[in-house]
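Residue numbers (my numbering), protein chains in the order written: chain C, 8 to 126; chain A, 38 to 148.
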Amino acid sequence: SAVISQKPSRDICQRGTSLTIQCQVDSQVTMMFWYRQQPGQSLTLIATANQGSEATYESGFVIDKFPISRPNLTFSTLTVSNMSPEDSSIYLCSVVLPKSGQGGLGGYTFGSGTRLTVV
Amino acid sequence: GIQVEQSPPDLILQEGANSTLRCNFSDSVNNLQWFHQNPWGQLINLFYIPSGTKQNGRLSATTVATERYSLLYISSSQTTDSGVYFCAVLINAGNNRKLIWGLGTSLAVNP
Numbered sequence: 008s009a010v011i012s013q014k015p016s017r018d019i020c021q022r023g024t025s026l027t028i029q030c031q032v033d034s035q036v037t038m039m040f041w042y043r044q045q046p047g048q049s050l051t052l053i054a055t056a057n058q059g060s061e062a063t064y065e066s067g068f069v070i071d072k073f074p075i076s077r078p079n080l081t082f083s084t085l086t087v088s089n090m091s092p093e094d095s096s097i098y099l100c101s102v103v104l105p106k107s108g109q110g111g112l113g114g115y116t117f118g119s120g121t122r123l124t125v126v
Numbered sequence: 038g039i040q041v042e043q044s045p046p047d048l049i050l051q052e053g054a055n056s057t058l059r060c061n062f063s064d065s066v067n068n069l070q071w072f073h074q075n076p077w078g079q080l081i082n083l084f085y086i087p088s089g090t091k092q093n094g095r096l097s098a099t100t101v102a103t104e105r106y107s108l109l110y111i112s113s114s115q116t117t118d119s120g121v122y123f124c125a126v127l128i129n130a131g132n133n134r135k136l137i138w139g140l141g142t143s144l145a146v147n148p
């Protein structure tokens, strides 16, 4: 299965500032996904990032607040802009893998997450 | 839209006990995944199971797509099994597919 490196693993930021989260995959993937998980909650999809095109944002999320870059098939960034305490969450990137052979799990695989605290 | 319901919401076990977690979904789905989120927040893919039964060590999962439910079995639980177990179903969404998540089952295994 793919290895996803996500950084930073955690950060404490001042309100009004911005943080860029990086996600690097060790194989080429068509789509990458960015999720937010607020404390004690399930995951919410922010946007889907395809290489070479604008990201597709879910209802309630806008590009000005969460700009995404996808410069190639192995890398993406998510920026959380003009942060407020309500943005304190875990942010996770994810890719979907083909089911590859016997024992291959397939499905969605996640980075280790970025735990963001805004003060 | 599709609803994904997990039960129970919380579960406390003594080490060595067995348990069954359930995931109900309200409509047809392309696929279903079970994840374990450990206390450090890492999401681990356990099973990718549109139908049938799969086993991986002490864990197994069964999905009955026609009846719209999936079960995750944990046998001989260990303290390292603690965390939140999520069920997520894969649906068509326009030109893409997306995961719809349940609220999770929070499991604590005591020594």
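Yeah, the Cβ is synthetic: ideal placement off N, Cα and C, and Gly gets one too.
Contacts that residue i makes with chain A (C-beta to C-beta distance below 8 Å)
| i | result |
| --- | --- |
| residue 122(C) | 78 |
| residue 116(C) | 82 |
| residue 63(C) | 133 |
Classification of residue i by the beta-carbon crowding that lies within 10 angstroms, buried from 16 upward
| i | result |
| --- | --- |
| residue 82(A) | buried |
| residue 115(A) | exposed |
| residue 95(A) | exposed |
| residue 116(C) | buried |
| residue 101(C) | buried |
| residue 64(A) | exposed |
| residue 41(C) | buried |
is_contact[residue i, chain A] using C-beta, thresh 8 Å
| i | result |
| --- | --- |
| residue 11(C) | no |
| residue 66(C) | no |
| residue 96(C) | no |
Chain-ordered chain C contacts of residue i [CB-CB under 7 Å]
| i | result |
| --- | --- |
| residue 38(A) | The contacting residues do not exist; residue 38(A) stays about 11 Å from chain C at best. |
Residue i at chain C interface by Cβ criterion, 8 Å
| i | result |
| --- | --- |
| residue 85(A) | yes |
| residue 139(A) | yes |
| residue 47(A) | no |
| residue 133(A) | yes |
| residue 44(A) | no |
| residue 70(A) | yes |
Closer than 7 Å at the beta carbon, the chain A residues around residue i
| i | result |
| --- | --- |
| residue 55(C) | 133 |
| residue 50(C) | 138 |
| residue 119(C) | 79 |
Residue i: contacting residues in chain C (beta-carbon distance under 9 Å)
| i | result |
| --- | --- |
| residue 123(A) | 49, 50 |
Nearest-angstrom Cβ-Cβ length linking residue i and residue j, presumed shorter than 8 Å
| i | j | result |
| --- | --- | --- |
| residue 121(A) | residue 142(A) | 7 Å |
| residue 128(A) | residue 67(A) | 6 Å |
| residue 86(A) | residue 107(A) | 7 Å |
Contacts that residue i makes with chain A (C-beta to C-beta distance below 9 Å)
| i | result |
| --- | --- |
| residue 80(C) | Simply none; closest approach about 17 Å. |
| residue 99(C) | 78, 80 |
* Along the chain, which unbroken stretches of the beta strand (DSSP E) at least 3 residues long are found entirely within the stretch 67-138 of chain A? -> 68-74, 80-85, 89-93, 96-101, 106-111, 120-130, 133-138
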